[in-house]
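Input: a single structure, listed below in structure tokens.
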Amino acid sequence: MKYNRIRAVIAMLLCVLLVGCVDYPLTSEEQENMVAEYAGGVLLRYSSKYALRLVSNDIDEDGVEDGGSVSGAAADVSEPEETAEPDKPEETKKPDSAESTDSPDDSGKETAEPTEEPTVSLTELYDIPGLDFSYQSSKFTNRYPEGGDDSVAITPERGQVLYVVSFRIKNTSGKTKKVNLTNRAFHYELDIGGERVLPSISLLPNGGLNYLMTKIKPGETEEAVLIFNLDADKKGSKGNVLTITEGDKSASINL
Numbered sequence: 002m003k004y005n006r007i008r009a010v011i012a013m014l015l016c017v018l019l020v021g022c023v024d025y026p027l028t029s030e031e032q033e034n035m036v037a038e039y040a041g042g043v044l045l046r047y048s049s050k051y052a053l054r055l056v057s058n059d060i061d062e063d064g065v066e067d068g069g070s071v072s073g074a075a076a077d078v079s080e081p082e083e084t085a086e087p088d089k090p091e092e093t094k095k096p097d098s099a100e101s102t103d104s105p106d107d108s109g110k111e112t113a114e115p116t117e118e119p120t121v122s123l124t125e126l127y128d129i130p131g132l133d134f135s136y137q138s139s140k141f142t143n144r145y146p147e148g149g150d151d152s153v154a155i156t157p158e159r160g161q162v163l164y165v166v167s168f169r170i171k172n173t174s175g176k177t178k179k180v181n182l183t184n185r186a187f188h189y190e191l192d193i194g195g196e197r198v199l200p201s202i203s204l205l206p207n208g209g210l211n212y213l214m215t216k217i218k219p220g221e222t223e224e225a226v227l228i229f230n231l232d233a234d235k236k237g238s239k240g241n242v243l244t245i246t247e248g249d250k251s252a253s254i255n256l
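Residue numbering for the sequence shown follows my numbering, starting at 2 and increasing by one per position.
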């Protein structure tokens with residue numbers, strides 16, 4: 002049926018050509034151009050040898066052109082398919098730098114509370130095996146020792162008073178103990194009347210407790226003192242505290 006239609010078209014074109022041979026007057030040159038253009042278009046449309054034909058020559062039985070698309074320069078320009086954009090990974094929300102975490106300070110580190118030096122007994126503080134140290138007494142005086150030879154006695158300067166703190170050292174071992182505290186780093190400090198005072202250097206036979214050098218026989222005891230030179234107005238002060246420290250150990254004595 003398709004070829005019958007082609008034959009009909011060709012016959013029609015022949016008739017037109019024949020009519021052109023007949024002396025049939027055309028109204029104008031414009032009409033002649035239109036007829037020639039139409040005839041040429043029909044030939045191109047149904048020519049199987051023309052590679053750039055305008056329309057496909059496949060026609061189905063219902064008269065609908067198969068495909069209905071134009072090839073070459075007159076081909077339909079199909080719209081490009083939309084390319085789906087790749088899913089973007091969800092952005093991970095970063096915590097604001099201004100957001101603070103629970104921490105005791107800006108650095109995130111806990112601030113250590115200052116700790117007091119551990120308080121121990123005098124025997125633990127001096128830590129000499131076989132020797133026991135203990136506090137005995139404290140008093141204000143204008144002379145030490147109170148009796149005896151004046152040439153060895155210690156007296157305060159004018160307007161001052163002595164404050165003598167006495168200790169007892171007992172040898173609990175079965176042999177003579179040699180004691181030398183000059184090579185130890187003890188720190189003695191007296192808190193009296195809101196003032197802190199250090200002991201003076203005393204020319205005592207055993208050097209005093211701060212510079213003690215002596216020998217103690219088994220079972221015997223020896224007295225060692227600390228002497229403080231104080232202003233006379235401190236005489237009679239109460240609630241005094243003596244602190245003895247070596248390294249990270251300390252001993253406090255209420256006098």
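C-beta atoms are modelled at their ideal positions from N, C-alpha and C, and glycine is treated no differently.
Exposure of residue i, with buried meaning 16 or more beta-carbon neighbours within 10 Å
{"i": "isoleucine 245", "result": "buried"}
{"i": "asparagine 211", "result": "buried"}
{"i": "proline 206", "result": "exposed"}
{"i": "lysine 178", "result": "buried"}
{"i": "asparagine 181", "result": "exposed"}
{"i": "glycine 195", "result": "exposed"}
{"i": "aspartate 243", "result": "Rather than aspartate, the amino acid found at residue 243 in this sequence is leucine. Counting Cβ neighbours within 10 Å, leucine 243 comes out buried, since at least 16 surround it."}
{"i": "leucine 263", "result": "In the structure as shown, the chain begins at 2 and stops at 256. Residue 263 is therefore absent and cannot be evaluated."}
{"i": "valine 166", "result": "buried"}
{"i": "leucine 213", "result": "buried"}
{"i": "alanine 233", "result": "exposed"}
{"i": "threonine 116", "result": "Here threonine 116 scores only 46 on pLDDT, less than 50, and its place in the model should not be relied on; the value that follows carries that caveat. Per the 10 Å Cβ criterion, exposed."}
Range covered by the alpha helix (DSSP H) that runs through residue i
{"i": "glutamate 125", "result": "123 to 127"}
Which residues DSSP lists as bridging residue i, in chain order
{"i": "serine 135", "result": "Arg169"}
{"i": "alanine 252", "result": "Ile245"}
{"i": "threonine 328", "result": "The structure shown does not extend to residue 328, since the chain is modelled only from 2 to 256, so the question has no answer here."}
{"i": "glutamate 190", "result": "Thr244"}
Three-state class that DSSP yields for residue i in the structure shown
{"i": "leucine 243", "result": "strand"}
{"i": "leucine 199", "result": "coil"}
{"i": "leucine 210", "result": "helix"}
{"i": "lysine 178", "result": "strand"}
{"i": "lysine 235", "result": "helix"}
{"i": "lysine 216", "result": "strand"}
{"i": "threonine 156", "result": "coil"}
{"i": "leucine 204", "result": "coil"}
{"i": "serine 57", "result": "Here serine 57 scores only 47 on pLDDT, less than 50, and its place in the model should not be relied on; the value that follows carries that caveat. Serine 57 falls in the coil class under three-state DSSP."}
CA-to-CA distance, residue j to residue i, given in whole angstroms
{"i": "leucine 256", "j": "isoleucine 202", "result": "20 Å"}
{"i": "threonine 142", "j": "serine 251", "result": "27 Å"}
{"i": "aspartate 192", "j": "glycine 240", "result": "9 Å"}
{"i": "aspartate 133", "j": "leucine 227", "result": "17 Å"}
{"i": "serine 253", "j": "valine 121", "result": "8 Å"}
{"i": "isoleucine 155", "j": "leucine 231", "result": "14 Å"}
{"i": "glycine 237", "j": "lysine 216", "result": "35 Å"}
{"i": "proline 146", "j": "aspartate 249", "result": "34 Å"}
{"i": "glycine 131", "j": "leucine 123", "result": "13 Å"}
{"i": "histidine 188", "j": "glutamate 247", "result": "6 Å"}
{"i": "glycine 208", "j": "tyrosine 127", "result": "16 Å"}
{"i": "lysine 140", "j": "leucine 199", "result": "16 Å"}
{"i": "threonine 173", "j": "proline 219", "result": "6 Å"}
{"i": "lysine 171", "j": "glutamate 158", "result": "33 Å"}
{"i": "serine 185", "j": "tyrosine 136", "result": "Residue identity differs from the one stated: residue 185 is arginine in this sequence, not serine. If I take the Cα positions, the gap works out to 19 Å."}
{"i": "glutamate 221", "j": "serine 138", "result": "19 Å"}
{"i": "threonine 183", "j": "leucine 204", "result": "14 Å"}
Beta strand (DSSP E) segment containing residue i, residue limits
{"i": "asparagine 184", "result": "Segment: none, asparagine 184 is in no beta strand (DSSP E) and carries neither H nor E."}
{"i": "glutamate 223", "result": "222 to 232"}
Proximity test, residue i beta-carbon vs the ligand FAD heavy atom, cut-off 7 Å
{"i": "aspartate 133", "result": "With respect to the ligand FAD, the structure shown offers nothing to examine, as it has no ligands at all."}
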